[in-house]
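Chains as they are written, first to last, in the numbering used here: chain A, 1 to 398; chain B, 1001 to 1398. Comments concern the structure below.
There are 2 protein chains.
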Amino acid sequence: MMNIEGGVTAPAGYRAAGVAAHIKGPASEKKDCALLVSDADAVVAGTFTTNILKAAPIQWTEGVCMRGRARAVFMNSGNANACTGAKGLEDAQATAERIAGGLDVPVTEVAVLSTGVIGVPLPMDRILDGAAGCLEALSASGSHDAALAIMTTDTVPKEMALDGGPVRIGAIAKGSGMIAPNMATMFCIITTDAAIEAGVLRNLLRECVRDSFNCICVDNDMSTSDAGLCFANGQAGLPVLTPGTADFEAFAEALRAVCVTMAKALVRDGEGASKLVEIRVEGAVSDEDAKTIARSIAQSQLCKTAFFGEDPNIGRLACAAGYAGVGFDVNDLGIWLDGVQVVRDGMPAAYEEEQAAAVMRQAEFAVRVAVGQGGGEAVFWTTDLGHDYVTINADYRT
Amino acid sequence: MMNIEGGVTAPAGYRAAGVAAHIKGPASEKKDCALLVSDADAVVAGTFTTNILKAAPIQWTEGVCMRGRARAVFMNSGNANACTGAKGLEDAQATAERIAGGLDVPVTEVAVLSTGVIGVPLPMDRILDGAAGCLEALSASGSHDAALAIMTTDTVPKEMALDGGPVRIGAIAKGSGMIAPNMATMFCIITTDAAIEAGVLRNLLRECVRDSFNCICVDNDMSTSDAGLCFANGQAGLPVLTPGTADFEAFAEALRAVCVTMAKALVRDGEGASKLVEIRVEGAVSDEDAKTIARSIAQSQLCKTAFFGEDPNIGRLACAAGYAGVGFDVNDLGIWLDGVQVVRDGMPAAYEEEQAAAVMRQAEFAVRVAVGQGGGEAVFWTTDLGHDYVTINADYRT
């Protein structure tokens, strides 16, 4: 398994494009429309926001993924087409129809995703211009343009590809705010030239998302528009992957690695974030309990401002573990900042303040929390909370 | 029912004091030890943090409240006596013993509460000095000194009293960070000269706390040291209040008013807060569902930064309602900023942006959310999230 160039167009049989269509405003020259196409029939699996205010495109694309076959996904940034009523659903469908017509594929096999401002109808003339521009610009090296076009407050495009030996996996993603630890709070589009059944891919994607995109936190908000899609078009020319085989396990491992890498990339580029902090909880009665404790620390505003201040305020870490709602014996509590143990048996350990502060001055470090003797463990990734987050979000729209 | 001066010493038979004992550091001249005493036997009810890392004084004081009788509560700021192991419990008890000895009352009737830094043993020599100083300084006009002595990051002392006709109710409180919407996340000491049974008072206090201190949010953290205590000493000389009577209902209404007023005072003085925002949800299937939606908005970092930015970003409000985990028909969703309807039938209503912005420029305003035709409703109070919160919390300890 090695990293390669090419993003979502690294696997065989995919083309992509990204163009500027002024969705972000008449004066914007930024790319804001993206298209990914599989040249051959492909299966697709998706995971979506659990917000009941699902944006219109999510409702459309859930239908596509339920049927399990797709040839393309069109995406725009700058407008989420959320809280837009019946008009929003019509617009999503009209966008899919434009792409379907251009590619000569069934409209039911075209996914659409939108991200950006909520409550404003899509500017359909510009969206259709963007769709036409993407259809013209499609190329086997178009991944990077597509990754650029889906950015919102992201500061860097997120793109990667793995060569897993026989098959390849590629991905692009966007998302740096509204990152809550519950279902794919971003866009992530994954492609592979492996052959796999839609139902098998769906289960595998769900597992991978559970341990990656569902374990990250920038703020505690969950968007109306989040989606993870995985296309598999079989163009590597290999047999269908079957659970239980070595080939399947290798593919699963690669897909999991892609999801974790992209999830961490989202956190690293979190709005206003200057640090990526790994929260590792072990010794809980169950993995679920461990995850609840990890989430509690990852979401704590007080822990996150302490990370920003590079202040080894161990009381806040212990406190957030304590209010997670999971029972444990406080006398068993241990906490480490990287290799420095700061809490032992529920009380401050013997350590030098400067050692702990040095760990926190790093751009990336780990908080390890042990809560007893059980086998349950979990990992979460979070950011610090600093002034830049406030600045970015206090006036996002103007 | 009218507001009067005197705080916790306004009801008959109470004395209080607040002194400086250098708990906040050798150079600090701030008051940091407080004592409240009932001169006659009194019943007491308490509500406490649900954090499993309960500070030692909380464990001691829960025992006092379980027995239901107390003559005094001693409080210190500057050190929470939390995560301090067996030594912490010994120190809490030794503090109670010093007060009990000074007052000549049973140690089992002396509550103790500590707030401040976590994980550092109490400086017992200074605590005992503070206890002695308080015993000497006790006075029937000592409420204000006590309110000052329990402040941590509070910028103003919180104190009030109501004359409810036959009986009086007084209160002091502290708390401006670590205000989470779950159990009394602060200190609030309430006194009354009404006569009431301990069990009846306990149930009533629990109800009042549910609708006041459990409905406020500054950040999403819950402290190890939070407590609400209510003393009732019967010194007004009236019959014991019995549920179902008009006198009881009048008392309950006054107690609820005290709790709501003090809860809002905590939010108004929330760390770094420049706004007090009331979140009112109605039309839910149950009050509990309404509360879940209100809490979701009150805790949303994106809504809170929009409040700070005075940006009527209605998408964030709708979005936070949508991910609360409560089912409702999106097409029924209505949102108002004070009198300005900004969302109707799940879509942006017809309104002038400037009208909505003008509402948000106020120091206090209300967000009203209607989610359908049910009778469930709830109110939450929250703050904005601005730079000052980050500045205060990025380096609290130094």
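The beta-carbon is built from N, C-alpha and C at its ideal position, and this holds for glycine as well. For clarity, every value in this text was computed on a predicted model and none was experimentally measured.
- For the stretch 258-315 of chain A, the continuous beta strand (DSSP E) assignments of 3+ residues that do not extend past its boundaries occur at 276-284, in sequence order.
- In this structure, the CA atom of B:Q1373 is about 30 Å from the CA atom of B:E1249.
- Cβ-Cβ distances below 8 Å link B:S1028 to A1020, H1022 and G1078 in the same chain, with the five nearest sequence neighbours on each side left out; the list follows chain order.
- Residue A:M124 holds the alpha-carbon nearest to the alpha-carbon of A:K24 among A:A17, A:G63 and A:M124.
- Rounded to whole angstroms, the Cβ separation of B:D1384 and B:F1365 is 11 Å, and the two are not in contact under 8 Å.
- Listed by position along chain A, the residues whose Cβ is nearer than 9 Å to that of B:A1318 are L53, A82, C83, I118, G119 and T224.
- Annotation: B:E1353 to B:I1314 spans about 11 Å, alpha carbon to alpha carbon.
- For A:M160, the enclosing beta strand (DSSP E) begins and ends at K158 to D163.
- Interface residue (Cβ-Cβ distance to chain A less than 8 Å): B:V1330 is classified as such.
- Counting other Cβ atoms within 10 Å of its Cβ, A:V379 reaches 16 or more and is therefore classed as buried.
- By the 16-neighbour rule on beta-carbons within 10 angstroms, B:D1104 is exposed.
- If only uninterrupted beta strand (DSSP E) runs of at least 3 residues are considered, those enclosed by the stretch 81-128 of chain A are 110-117.
- Contact of B:I1314 with chain A by beta-carbon distance below 9 Å involves C83, I118 and G119.
- In this chain, the alpha helix (DSSP H) harbouring B:Q1355 covers E1353 to M1360.
- For B:A1072, the three-state secondary structure derived from DSSP is strand.
- At a C-beta separation below 9 Å, B:H1387 has these neighbours in chain A: H387, V390, T391 and A394.
- Taking a contact to require three or more Cβ pairs closer than 8 Å, the stretch 1198-1206 of chain B and the stretch 1037-1052 of chain B qualify as touching.
- Apart from sequence neighbours up to five positions away, the residues of its chain that approach B:R1098 with a beta-carbon distance below 7 Å are L1128 and A1131, ordered along the chain.
- Two segments are said to touch when three or more pairs of C-beta atoms, one from each, lie closer than 8 Å; by this definition the stretch 1076-1091 of chain B does not touch the stretch 1235-1242 of chain B.
- In chain order, P1121 place their CB closer than 8 Å to the CB of B:K1087, counting only its own chain and leaving out the 5 sequence neighbours on each side.
- Taking 8 Å as the cut-off, the Cβ atoms of A:D193 and A:P11 count as close.
- For B:T1153, the closest C-alpha among the options B:L1266, B:V1073, B:L1138 and B:S1143 is that of B:L1266.
- For A:E377, there is no enclosing alpha helix (DSSP H); the enclosing beta strand (DSSP E) has its first and last residue at G376 to T383.
- In the structure shown, B:G1322 falls within a helical segment according to DSSP collapsed to helix, strand and coil.
- Scanning its chain for C-beta atoms nearer than 7 Å, with the 5 sequence neighbours on each side dropped, one finds around B:A1306 the residues N1313 and R1316, in chain order.
- Note that the C-beta distance between A:D39 and A:G13 is below 8 Å.
- Nearest to A:G63 by alpha-carbon distance, out of A:A227, A:P166 and A:V167, is A:A227.
- Nearest neighbour of B:L1036 by Cα position, chosen from B:E1109, B:V1277 and B:W1060, turns out to be B:E1109.
- Annotation for A:C303: I297, R316, L317 and A320 place their beta carbon closer than 7 Å to its own, counting only its chain and skipping 5 residues before and after.
- Contact annotation: B:I1216 and A:G322 have beta-carbon atoms that are not nearer than 8 Å.
- For A:G199, the enclosing alpha helix (DSSP H) begins and ends at A198 to R210.
- Classified as exposed, A:G327 has fewer than 16 neighbouring CB atoms from the shown chains inside 10 Å of its CB.
- Contact of A:L302 with chain B is assigned, a C-beta pair being separated by under 8 Å.
- By the beta-carbon neighbour count (other beta carbons within 10 angstroms, threshold 16), A:S212 is buried.
- As computed with DSSP, B:F1365 is found in a beta bridge with B:V1277.
- What B:F1308 touches in chain A, judged by beta-carbon distance under 8 Å, is V390 and A394, going in chain order.
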